[in-house]
Amino acid sequence: MAANFNSDSLRELRYRLEDAAIKCSERCLYQSAKWAAEMLDSLIPFEDIDDGADTDPDSPMEITPPAPPNPFLQTQDLEEAALEARETHKYILAKSYFDTREYDRCSAVFLPPSTSAIPLGPLSANKTCKAPVTPQKSKGKSASFGGSTSNAASRNPFPRLSQKSLFLALYAKYLAGEKRKDEETEMVLGPADGGMTVNRELSGLAQGLEAWFSDRKAKGLEGQGQGWLEYLYGVILLKGKNEEEAKKWLIRSVHLYPFHWGAWQELNDLLANTEDLKRIADQLPQNIMTLIFHLYCSQELYQATEDTHHMLTELENIFPSSAFLKTQRALLFYHSKDFEEASHLFSELLITNPHRLDSLDHYSNILYVMGARPQLAFVAQIATATDKFRPETCCVVGNYYSLKSEHEKAVMYFRRALTLDRNFLSAWTLMGHEYIEMKNTHAAIESYRRAVDVNRKDYRAWYGLGQAYEVLDMAFYALFYYHRAAALRPYDPKMWQAVGSCYAKMGRPEQSIRALKRALVAGSYYETGGAGGVGSFNSAGSASLRHPPHGTNASTAKRILDPDTLHQIATLYERLGDVEEAAAYMELTLQQETGQTDLDDEAADEDNEDGDGKVDGNGNPARRISSFTQRSADDADDEPTGTGVTATTSKARLWLARWALKHGELDRADLLAGELCQDGIEIEEAKALMRDVRARREGGGI
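Numbering of the sequence shown is given in the UniProt record's numbering, commencing with residue 1 and proceeding in unit increments.
In C-alpha cells form, the structure reads like this:
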C-alpha cells in the first residue's frame with residue numbers, strides 16, 4: 001500500500017489526521033484526539049516518498065517554502081461558519097467549564113436550563129429505589145430511543161446553534177448524567193451497583209436529537225451533517241440498547257467524518273463476531289480508516305491470521321513508528337498464544353514509550369501467564385511511577401499480587417481500577433478470576449457478567465462463567481457459557497475440552513467424545529503445565545482460569561496431542577462399552593510420551609464421527625488407529641519430542657497392561673507392568689500385575 005502513496009496522498013493524509021486531532025480536541029473528545037495525533041506523529045516522513053525530486057532536503061542551501069494551510073480546517077458550510085464565528089467567545093467559556101469537569105455549567109452556556117435531575121430538597125435515603133426516568137435493560141422500552149415520536153415531541157427543542165456548539169453542550173449533558181450515575185452506584189459490586197441506576201439524561205437527549213434530525217430532514221439539510229452529532233446519537237442509542245439504530249447512525253457518522261477514531265471504536269463494540277463485520281463491510285467508506293478499522297476488529301475478534309498480519313504490515317509501511325499498530329501486532333501474537341513474541345513487542349514499546357500506559361494491562365497478563373514475576377514487578381513499578389490512578393496501572397499491580405497468591409490485595413486493586421473506570425473490561429474479568437481463587441463463586445459470577453455486559457466478545461468472561469457454574473454443579477448453565485466461549489474461540493482446544501468435560505458430567509458421553517475430538521483438532525499440541533485439563537480443578541477446589549505457564553515452543557510441540565484429552569476419550573468409550581476403541585485411544589495416549597507425527601489428518605477424520613461413536617467410513621476404527629500409532633512410532637526417531645512420562649500416560653499404561661492380561665497377551669502385560677515400575681507411578685498395581693502374569697505362566701506350564 002505504501003508503494004501507492006506519493007507525496008500528494010501523503011500530504012492529504014497528514015492534513016486529515018491534523019484536522020482530526022484539532023477538531024476532536026475542540027470537541028473535548030480527548031482520546032480520539034490523542035489517537036489521531038499519535039498516528040500523525042508516526043506517519044512516514046515526506047522525504048521517504050520518492051516523488052522524483054533530485055534536491056537534498058537536508059541541504060543548508062535548500063530553502064523550504066512554508067507549508068500551505070490545511071484546507072480541511074476551514075468549515076465548508078458558510079452558514080455553519082458564520083454561526084461558529086458568532087459563538088466563539090461562548091464556546092471558549094463552555095470549553096473551559098468542560099475542561100474543569102463542570103459539565104452542567106458547560107451545557108447551560110448554550111442550552112436553556114431544564115429541570116434538575118437531582119432533587120433540590122434533602123436527599124432521600126432510598127433515592128436509588130425510585131423508578132428511573134430512562135428505560136432499564138428491557139429491549140421494549142429501549143426501543144423508544146430512536147422510535148417515532150409524537151407531533152408535540154417532534155419539534156426541535158434546541159435553539160439555533162452551530163453543530164459544533166450543540167455537540168459540546170449535549171456531550172457535556174451526557175457526561176453529567178454519567179457522572180451522577182457513577183455517584184449513585186457508589187462502591188463496586190455494592191448494593192446499588194446492580195444495574196438499577198441509569199443515566200437519567202439519556203431519554204431527553206435521545207428525544208431531542210431525534211427531533212433535531214427530523215427538523216433538519218424536513219428542511220432538506222440532512223446531507224449537511226458533520227458527523228459529530230450523528231456519533232453522539234449513536235452512542236446514546238447504544239446506551240439505550242437500541243443497537244440496530246445505533247449501528248446505522250455510527251455508520252453515517254464515519255461516512256461524514258471518517259477520521260474520528262471514537263466512532264469506529266463504538267461501531268466495533270456492536271460487532272459480536274466476524275459475520276457481523278462482513279455484513280457491514282459494504283456499508284463502510286473506502287479509505288485508510290476502514291482498513292485500520294478492519295485490523296482493529298480482527299484483533300478484537302481474535303483473528304490472528306496471515307491476512308491480518310499482512311494488513312498490519314501494509315499499515316506499518318505508512319505508519320512505521322506507530323505504537324498503536326505495534327500494540328495490535330503484540331495482541332495478535334498474544335491471541336495466538338505466542339507469548340514470547342508478544343512479550344518482546346511489548347517490552348520494545350515500553351523502551352521506546354516508557355510513560356505510555358495504554359494496553360499495559362495486556363502486557364501484565366502475558367507476564368503473568370509466563371510466570372515472569374521479576375519483569376511483572378518492574379512493569380508495575382514503571383506504571384505506578386507514571387500514574388498510579390490509571391486503570392491500567394491498577395490491573396498491572398493487581399496481576400502482580402495475584403502472581404504472589406495475595407488474592408485479597410489483587411481484588412483491592414482491581415476494584416480500584418473499576419472505581420476509576422466502570423467499563424474497564426480487564427478489571428472485571430481479572431477480578432472474577434481472583435474471586436474464583438478465593439472461592440467466592442457468586443461474586444465471581446457477578447464480575448464475569450459485568451465483563452460480558454462491557455464486551456460480549458470477551459471469551460475469557462464467558463469461559464469464567466462456565467467454570468463458576470461448574471463449581472456450583474450447575475452443568476446446564478456451565479454448558480451454555482462454554483458454548484458461547486467456544487463460538488468466540490473455535491480453534492482454542494481449552495474451550496472444547498471444557499464443553500466435553502461438561503457433557504461428560506451430564507451423562508452424555510457421545511456428545512462429550514465429539515467435543516473432545518474437536519479439541520484435538522483445534523489444538524494438536526500439548527501445553528506443558530496444563531496436565532490438569534480444562535475441566536479439572538486444582539487441589540484447592542478452584543478452576544485454573546488463566547492460561548497455563550508458558551513452557552512449550554509451539555513449533556516443536558505442534559505434533560503432540562494432549563494426553564489428558566485422549567485419556568478422557570478412552571474412558572468415555574469404555575463407559576459406552578466400546579472397549580476396542582477405548583484401547584486404541586489408550587495406545588494413542590501412551591504414544592504421546594515420545595511424540596507423534598501427522599496427527600492433524602487423523603484427528604480430523606475422527607472429528608467426522610457420528611454422535612454414537614461409529615466412524616462414517618469403512619473398516620474397524622480401533623484397527624485403523626492402532627496401525628496409525630504403529631506408523632507414528634516408527635517415525636518417533638525423526639521427531640523425538642513428547643510429553644515424557646506423566647500421571648495420565650501412566651494411567652493409560654496401567655489400563656493397557658490390564659487389558660493385555662485380560663486378553664492373554666502376557667508378554668505385553670509384563671512389559672507394560674515393568675515400565676510402570678520404572679515410571680515410579682502405580683508401583684503396587686504394577687507389582688500385582690507382574691505377579692498375576694507370573695502365576696498365569698506357571699499355571700499354564702509356560
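Where is the CB? At the ideal position from N, CA and C, for every residue including glycine.
When the beta-carbon positions are compared, G208 and R252 stay at least 9 angstroms from each other. Comparing alpha carbon positions, the residue from A272, L83, H335 closest to L166 is L83. In the DSSP assignment, I280 falls within the alpha helix (DSSP H) that extends over 274-281.
Annotated as distal: Q299 and L277, with beta-carbon spacing of 9 angstroms or more.
Selection W428, M438, P285, L175 evaluated against W462 yields W428 as nearest (Cα-Cα). When DSSP assignments are scanned along the segment 366-439, the uninterrupted stretches of alpha helix (DSSP H) that are 4 or more residues long and fall wholly within it turn out to be 373-386, 391-403, 407-420, 425-437. In the structure shown, E682 falls within a coil segment according to DSSP collapsed to helix, strand and coil.
Around the beta carbon of Y30, fewer than 16 other beta carbons sit within 10 angstroms, so the residue counts as exposed. Excluding its 5 nearest sequence neighbours in each direction, K239 has C-beta neighbours in its own chain below 7 angstroms: N199, L202, listed in chain order. Separation of Y482 and G190 (C-alpha to C-alpha, rounded to the nearest whole angstrom) is 28 angstroms. Taking Q678 as the centre and dropping the five residues before and after it, the same chain places no C-beta closer than 7 angstroms to its C-beta. DSSP places D77 outside any alpha helix (DSSP H), giving it a letter other than H or E. Straight-line spacing of the CA atoms in Q467 and P490 works out to 18 angstroms. The residue from E340, T308, D338 with its alpha-carbon nearest to that of L325 is T308. Membership of D104 in the alpha helix (DSSP H) is indicated by the continuous run 103-110. Boundaries of the alpha helix (DSSP H) harbouring G500: 493-505, taken from the DSSP string.
The C-beta distance from F319 to L10 rounds to 11 angstroms, too long to meet the 8 angstroms contact threshold.
Under the DSSP assignment, F213 falls in the alpha helix (DSSP H) whose first and last residues are 202-218. C-alpha of N353 to C-alpha of N287: approximately 29 angstroms in a straight line. Following the DSSP letters along the chain, one finds G644 in no alpha helix (DSSP H), marked with neither H nor E.
In this structure, L270 sits near A246, with a CB-CB distance shorter than 9 angstroms. Closest in alpha carbon position to Y296, among I280, T327, D421, A669, is T327. For H310, the three-state secondary structure derived from DSSP is helix. Residue range 323-335 is occupied by the alpha helix (DSSP H) that includes T327.
At a Cβ-Cβ threshold of 9 angstroms, A385 and N399 do not count as neighbours.
Cβ neighbours of P112 within its own chain (closer than 8 angstroms, five residues either side excluded): P159. Excluding sequence positions up to five before and after L590, its CB lies within less than 7 angstroms of the CB of T649, A652, R653, L656, all in the same chain and listed in chain order. For T305, same chain residues with a beta-carbon under 8 angstroms away, outside a window of 5 residues either side, are S298 in chain order.
Counting only the Cα atoms, G177 lies some 28 angstroms from L430. Under the three-state reduction of DSSP output, G227 falls in the coil class, being neither helix nor strand.
Linking A172 to Q568 through their CA atoms gives a straight-line distance of about 58 angstroms. The criterion of a C-beta distance shorter than 9 angstroms is not satisfied by E266 and K164.
M690 and E593 have their C-alpha atoms some 22 angstroms from each other. Contact check between the segment 366-381 and the segment 407-421: fewer than three CB pairs, one atom from each, fall below 8 angstroms, which does not count as touching.
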